[in-house]
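Novice:
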Amino acid sequence: MKGKIIILSAPSGTGKSTIISRLMQDESLCLSFSISATSRKPRGQEQHGREYYFLTEEEFQTRVDNGEFVEWEEVYAGTRYGTLESEVNRVVGAGRNLIMDIDVKGALNIKKRFGDDALSIFIMPPGIEALAERLRARATDSEETIARRLAKAEYEMGFSQNFDEVVVNDDLDTAVAEVGEKIRRYACGC
Ligand code: ADP
Ligand code: 5GP
Numbered sequence: 016m017k018g019k020i021i022i023l024s025a026p027s028g029t030g031k032s033t034i035i036s037r038l039m040q041d042e043s044l045c046l047s048f049s050i051s052a053t054s055r056k057p058r059g060q061e062q063h064g065r066e067y068y069f070l071t072e073e074e075f076q077t078r079v080d081n082g083e084f085v086e087w088e089e090v091y092a093g094t095r096y097g098t099l100e101s102e103v104n105r106v107v108g109a110g111r112n113l114i115m116d117i118d119v120k121g122a123l124n125i126k127k128r129f130g131d132d133a134l135s136i137f138i139m140p141p142g143i144e145a146l147a148e149r150l151r152a153r154a155t156d157s158e159e160t161i162a163r164r165l166a167k168a169e170y171e172m173g174f175s176q177n178f179d180e181v182v183v184n185d186d187l188d189t190a191v192a193e194v195g196e197k198i199r200r201y202a203c204g205c
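What follows is the structure, encoded as structure tokens:
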């Protein structure tokens, strides 16, 4: 049996990673995380092959040239992120549901390519102020990076209606339950 693709997208700092790690603890959802490739350097405790496949810019380009990506985007100036076809086949082929944390453009491209085999969910922050607070509380980005991410957030929120589903992440437990329920209704177990 083939698994399905679950795409979660949201402005940076909304809580996608937090929601995904909570959902992955629920084995009945049969989720495996889609490990993207990126040309950025590891941050904090991140490990190659766990959060991302960390590639040099040259390695990333070689894989683009070889047609190995189902999608890739320059999410931030000079930094590229992409989903490898091998990653999709590895998980979906094993009958598990592949959960992706990707930017808005990448999400819409994946949905276009995989159609009914993918469910796209936009996670909405409760407001720009709350988003700014979360980015500061996370303490992983400089003020300059935070300002850039906030400016991009409003633009990205304009695409929410192009997604199959929208869930507001105000109270975390409620958001996790809502997303889990939507996945359960869309993709059966494995
Ligand atoms: P993203 O993956 O979307 O960039 P994160 O999952 O890293 O976002 O979350 C950003 C910060 O906001 C983290 O410090 C996280 O603990 C916090 N956070 C996530 N969801 C909520 C919520 N519902 N209420 C308050 N803080 C939250
Ligand atoms: P970060 O650098 O904070 O880990 O991630 C930055 C952004 O890149 C996030 O918005 C995340 O959703 C996006 N991203 C991660 N992997 C991919 C991918 O494979 N493709 C695309 N298009 N975006 C990705």
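Just so we're aligned: 178 in my numbering is position 163 of the sequence shown, and the numbers increase by one with no gaps anywhere. Ideal Cβ positions, reconstructed from N, Cα and C, are used throughout, including at glycine.
(1) One question on the structure: do valine 79 and methionine 139 come within less than 8 Å of each other, judged by their Cβ atoms?
(2) Below 8 Å between beta carbons: does that hold for phenylalanine 48 and isoleucine 114?
(3) Going by DSSP, what residues sit across from arginine 95 in a beta bridge?
(4) The ligand 5GP and threonine 77: does the residue's C-beta get closer than 7 Å to at least one heavy atom of that ligand?
(5) Can you list, in chain order, the residues of its chain whose CB lies under 7 Å from that of aspartate 132, leaving out five sequence neighbours each side?
(6) Is the beta carbon of glycine 173 within less than 7 Å of some heavy atom of the ligand HEM?
(7) Alpha carbon to alpha carbon, what distance is there between leucine 165 and glutamate 158?
(8) For cysteine 45 and lysine 17, I'd like the C-alpha separation in whole angstroms.
(9) Determine the contact status of threonine 155 and arginine 58, defining contact as a CB-CB distance below 8 Å.
(10) Inspect the beta-carbon positions of threonine 71 and leucine 187 and report whether they are closer than 8 Å.
(11) Quick one: any contact between the segment 100-108 and the segment 34-41, if contact means 3 or more CB pairs under 8 Å?
(12) According to the neighbour-count rule (16 or more other Cβ atoms, all chains shown, within 10 Å of its Cβ), is glutamate 74 buried or exposed?
(13) Per DSSP, what are the beta-bridge partners of phenylalanine 48 in this structure?
(14) Just to confirm, does aspartate 156 get its C-beta within under 7 Å of one of the non-hydrogen atoms of the ligand ADP?
(15) Going along the chain, which unbroken runs of the alpha helix (DSSP H) with 4 or more residues stay wholly within the segment 113-197?
(16) With DSSP as the reference, please indicate the residues paired to leucine 23 in a beta bridge.
(17) Between which two residues does the alpha helix (DSSP H) carrying aspartate 80 extend?
(18) Distance, Cα to Cα, glycine 195 vs leucine 38?
(19) Since tyrosine 201 sits in a beta bridge, which residues does DSSP pair it with?
(20) Just how far apart, CA to CA, sit lysine 167 and proline 26?
Specialist: Looking at the atomic coordinates:
(1) By one-based count along the sequence shown, residue 79 stands at place 64. By one-based count along the sequence shown, residue 139 stands at place 124. No; because the gap between Cβ atoms is not below 8 Å, this pair is not in contact.
(2) On the sequence shown, residue 48 is found 33 positions in, with the first residue counted as 1. On the sequence shown, residue 114 is found 99 positions in, with the first residue counted as 1. Taking 8 Å as the Cβ cut-off, phenylalanine 48 and isoleucine 114 qualify as a contacting pair.
(3) Position 80 of the sequence shown, counted from the first residue, corresponds to residue 95. In DSSP, arginine 95 forms a bridge with Glu89.
(4) Numbered from its first residue, the sequence shown carries residue 77 at position 62. Checking every heavy atom of the ligand 5GP against the Cβ of threonine 77, none is found closer than 7 Å.
(5) Your numbering for residue 132 matches position 117 in the sequence shown. Taken in chain order, the residues that qualify are Lys19 and Ile20.
(6) Absence of the ligand HEM from the depicted structure is noted, with the ligand ADP and the ligand 5GP being the only ligands included.
(7) Locating residue 158 in the sequence shown gives position 143, counting from the first residue. Locating residue 165 in the sequence shown gives position 150, counting from the first residue. Approximately 10 Å between the Cα atoms of the pair.
(8) The residue you call residue 45 lines up with position 30 of the sequence shown. The residue you call residue 17 lines up with position 2 of the sequence shown. Spanning the two alpha carbons is a distance of roughly 12 Å.
(9) Position 140 of the sequence shown, counted from the first residue, corresponds to residue 155. Position 43 of the sequence shown, counted from the first residue, corresponds to residue 58. Closer than 8 Å, so yes.
(10) On the sequence shown, position 56 is the one that residue 71 refers to. On the sequence shown, position 172 is the one that residue 187 refers to. For threonine 71 and leucine 187, no; Cβs fall outside 8 Å.
(11) no
(12) On the sequence shown, position 59 is the one that residue 74 refers to. It is exposed - the Cβ of glutamate 74 has fewer than 16 other Cβ atoms within 10 Å.
(13) Position 33 of the sequence shown, counted from the start, is the residue given in the question as residue 48. Paired residues: Ile114.
(14) Along the sequence shown, one-based indexing puts residue 156 at 141. Aspartate 156 Cβ: outside cutoff for every heavy atom of the ligand ADP.
(15) List check, alpha helix (DSSP H) in window: 119-129, 143-153 and 158-172.
(16) For the purposes of this step, residue 23 is taken as the residue at position 8 of the sequence shown. DSSP, once it has assigned bridges, lists Asp116 and Ile136 as partnering leucine 23.
(17) For the purposes of this step, residue 80 is taken as residue 65 along the sequence shown, with counting starting at 1. From DSSP, the alpha helix (DSSP H) with aspartate 80 extends over 72-80.
(18) Here residue 195 is taken as the residue at index 180 of the sequence shown, counted from 1. Here residue 38 is taken as the residue at index 23 of the sequence shown, counted from 1. Here the C-alpha atom of glycine 195 lies approximately 7 Å from the C-alpha atom of leucine 38.
(19) Against the sequence shown, residue 201 aligns to sequence position 186. In DSSP, tyrosine 201 forms no bridge with anything.
(20) Residue 167 sits at position 152 when you count from the first residue of the sequence shown. Residue 26 sits at position 11 when you count from the first residue of the sequence shown. Distance between the alpha carbons of lysine 167 and proline 26: 7 Å.
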